[in-house]
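*Asks:* Here the sequence shown stands for residues -23 to -1, 1 to 413, where the numbers follow mature numbering (1 follows the signal peptide of the UniProt record, and there is no 0). Where is the CB? At the ideal position from N, CA and C, for every residue including glycine.
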Amino acid sequence: MIRSRAGLSAGALLLATSLALTACGGGGGSEDEGADAKTLTLWHYEGPTSAMGIAWNKAIEEFKASHPGVTVKFEEKGFEQIQQNAQMILNSDSAPDIMEYNKGNATAGLLSKQGLLTDLTEEASKRGWDKALNSSLQTTTKYDEDGIMGSGKTYGIPNYAEYVEVYYNKDLFKKYNLQVPTTLDEFTKVMDTFVQNKVTPLAVGGAEYPAQQILYSLALSKADRAWVDDYQLYKNKVDFKGPQLKYGADTFKQWVDKGYIAKSSAGIKAEDMGVSFTQGKFPIMISGSWWYGRFVNEIKNFEWGTFLFPGNKLHPGSSGNLWVVPEKSKAKALAYDFIDITMKPEIQALLGNNGGVPVAADVSSITDAKNKELIENFNKISSEDGLAFYPDWPAPGYYDVLVAGVQGLINGSKTPDQVLTEIAKPYDENLADLGK
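This is the structure:
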């Protein structure tokens, strides 16, 4: 999931400038290309104390042990560096051999369409990666000739998954004698109780991804799998004034009006939202599983837990970000070996025991009760085909469109009808560009 959309740093701008000078076209090679390479250059943007960072550092150690004489040149990049400069990076001689990249039509799909990623279909079959991933998780690994996910060739492999859930402060729920809600109606009654006691219920980051995921969760409460396929995979035209998105926008605005969401949250970033929850300033936060491991380590002053968005069978979520192998990689065979190590049971268990959601772990190997709850919730969603991806995926640049739209609902500068008209335009324009 996209976790930050801050502006480009000076380092990123310098990177862009240098890559522009070295960029060149072409590329390609056999699946054994780089088998005798002596260096594997690996980029990712996960923090060293995150579940992924811990698991991948262990994978690097195992790779070194099984590949004597090969140097791993790991470079931790900022998310924005890779996100903003990926096309330039991968079309240059500075491309890494393997890198983490965001999944979806507007990201991995776009790069696959441009011929910048290696086709991993044969390797995935040979090494059994395709069998380790269920059909829902494989949706984000495959892209057709237009860069649309869900079918075609395999261009990336995830080894973790993620989903949006509800975090809650158990101490504050107990203070006001509240139970975990199981329906949306019960959820609104919980939030009404907090408002009546002069407590703003929801920690929200309106300046980045969290707010749009709340609106999408509300829309999903009125949706089915066919609607998700229409919205995300362009199976049929989507009516932005139809019952799903209209309900999402109208109800989100009602939540603001009722005081569930503070108007000041329009300018709050995801990081500040998460910190406010860890400080006990808000009783509820609706956001992704990527916060889980961090909360385990940082929340010390109150008891907390999670539950799935009440009443929904569909939830924002998907595979995690992908390991992709740039077409210009000089060590493709080594890159495949590294991906294989990240899928090993011991690496998957390590990821799960540190607050991540592994894609191929035995739940019995997860020893921490909280982490087991996290994984069991995901398995429930996944087994019911409940992963609905993320609202910003359908079109390039759509993330910023949704941020602006939801901010308008929070600060009152736009009506739900205006927002729906606004977000429909770039979506429909992208469909026209694709000839849909």
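Report all residues from its chain with a CB closer than 8 Å to the CB of residue 395; omit the five preceding and five following residues, and keep chain order.
*Replies:* Correct list, in chain order: 385.
*Asks:* Exposed or buried, residue 153, counting other C-beta atoms within 10 Å across all chains shown (16 or more means buried)?
*Replies:* Burial call: exposed.
*Asks:* What separation, rounded to the nearest whole angstrom, lies between the Cα atoms of residue 68 and residue 93?
*Replies:* Approximately 7 Å, taken between the alpha carbons.
*Asks:* Is the distance from the Cβ of residue 414 to the Cβ of residue 52 below 8 Å?
*Replies:* There is no way to answer for residue 414, as the model of the chain reaches only from -23 to 413.
*Asks:* Quick check on DSSP: helix, strand or coil for residue -3?
*Replies:* Residue confidence is low: residue -3 scores 34 on pLDDT, short of 50, so the model does not pin down where it sits. No coordinate-derived value is stated.
*Asks:* Nearest to residue 173 by CA position, among 235, 54, 158, 207, is which residue?
*Replies:* Checked all of 235, 54, 158, 207; the closest Cα to residue 173 is 235.
*Asks:* Considering residue 228, what are the terminal residues of the beta strand (DSSP E) in which it resides?
*Replies:* Premise fails: residue 228 lies in the alpha helix (DSSP H), 220 to 234, not in any beta strand (DSSP E).
*Asks:* Going by CA-CA distance only, name the one from 245, 122, 15, 202 that's closest to residue 74.
*Replies:* Of 245, 122, 15, 202, the residue nearest in Cα terms is 15.
*Asks:* Take residue 270 and list the residues in its own chain whose beta-carbon comes closer than 7 Å to its own, dropping the five residues that flank it on each side.
*Replies:* 27, 28, 331, 332, 333, listed in sequence order.
*Asks:* DSSP puts residue 279 in a beta bridge; with which residues?
*Replies:* Partner(s): none; residue 279 has no beta bridge.
*Asks:* Quick test of the definition: if touching needs 3 or more C-beta pairs under 8 Å, does the segment 33 to 50 touch the segment 271 to 281?
*Replies:* The segment 33 to 50 vs the segment 271 to 281: no contact.
*Asks:* For residue 413, which option in 362, 383, 207 has the closest C-alpha, if you only look at C-alpha atoms?
*Replies:* The residue with the shortest Cα to Cα distance from residue 413 is 207.
*Asks:* Distance, Cα to Cα, residue 197 vs residue 44?
*Replies:* Computed Cα separation, rounded: 47 Å.
*Asks:* Helix, strand or coil for residue 259? Go by DSSP, reduced to three states.
*Replies:* Residue 259: coil per DSSP, three-state reduction.
*Asks:* Can you name the start and end residues of the beta strand (DSSP E) that residue 146 belongs to?
*Replies:* Start and end: 137 to 146.
*Asks:* Does residue 299 pass the burial test, meaning 16 or more other C-beta atoms within 10 Å, or should it be called exposed?
*Replies:* The residue is buried, with at least 16 neighbouring Cβ atoms inside 10 Å.
*Asks:* Determine, using beta carbons only, whether residue 195 and residue 383 come nearer to each other than 8 Å.
*Replies:* Against a cut-off of 8 Å, the Cβ pair of residue 383 and residue 195 comes out as no contact.
*Asks:* Since residue 180 contacts residue 253 with CB under 8 Å, what's their CB separation in whole angstroms?
*Replies:* Residue 180 to residue 253, Cβ: 5 Å. Contact.
*Asks:* Residue 77 by DSSP, collapsed to three states: which one?
*Replies:* Strand at residue 77.
*Asks:* Within 10 angstroms of its Cβ, does residue 411 collect 16 or more other Cβ (buried), or is it exposed?
*Replies:* Exposed: under 16 other Cβ atoms inside 10 Å.
*Asks:* When you compare the CB positions of residue 364 and residue 143, do they come within less than 8 Å of one another, or not?
*Replies:* No. Outside cutoff.
*Asks:* Answer yes if the segment 238 to 253 comes into contact with the segment 122 to 131, meaning at least three C-beta pairs across the two stretches below 8 Å, and no otherwise.
*Replies:* Verdict: no, contact absent.
*Asks:* What residues in its chain sit with their C-beta under 6 Å from that of residue 243, if we drop five residues either side in the sequence?
*Replies:* 183, 384, 387, 388, listed in sequence order.
*Asks:* Which first and last residues belong to the beta strand (DSSP E) in which residue 295 is found?
*Replies:* It spans 294 to 296 - the beta strand (DSSP E) in which residue 295 sits, taken as one unbroken run.
*Asks:* Closer than 8 Å, CB to CB, is residue 168 near chain B or not?
*Replies:* Judged by its chain identifiers, the structure shown contains no chain B, having just a single protein chain.
*Asks:* Does the contact criterion of 3 or more C-beta pairs under 8 Å hold for the segment 389 to 408 versus the segment 223 to 239?
*Replies:* The segment 389 to 408 vs the segment 223 to 239: in contact.
*Asks:* In the structure shown, what three-state DSSP assignment does residue 18 receive?
*Replies:* Strand.
*Asks:* Exposed or buried, residue 301, counting other C-beta atoms within 10 Å across all chains shown (16 or more means buried)?
*Replies:* With 16 or more Cβ atoms within 10 Å of its Cβ, residue 301 is classed as buried.
*Asks:* Can you tell me which of 55, 376, 401 puts its alpha carbon nearest to the alpha carbon of residue 368?
*Replies:* If we check each option's Cα against that of residue 368, 376 comes out closest.
*Asks:* With a threshold of 16 other CB atoms inside 10 Å of the CB of residue 201, please say whether the residue is buried or exposed.
*Replies:* Residue 201 is exposed by the Cβ-count criterion.
*Asks:* Reducing DSSP to helix, strand and coil, say where residue 272 ends up.
*Replies:* Helix.
*Asks:* Could you tell me the distance, in whole angstroms, from the CA atom of residue 406 to the CA atom of residue 323?
*Replies:* Cα to Cα, residue 406 sits roughly 46 Å from residue 323.
*Asks:* Compare the Cα-Cα distances from residue 46 to each of 13, 78, 61, 76 and report the closest residue.
*Replies:* Taking only the C-alpha atoms, the option nearest residue 46 is 13.
*Asks:* Alpha carbons only, please: which of 317, 346, 347 is nearest the one belonging to residue 337?
*Replies:* It is 317 whose Cα lies nearest to the Cα of residue 337.
*Asks:* Output the distance between the C-alpha atoms of residue 265 and residue 141, rounded to the nearest integer angstrom.
*Replies:* Going from the Cα of residue 265 to the Cα of residue 141 covers about 4 Å.
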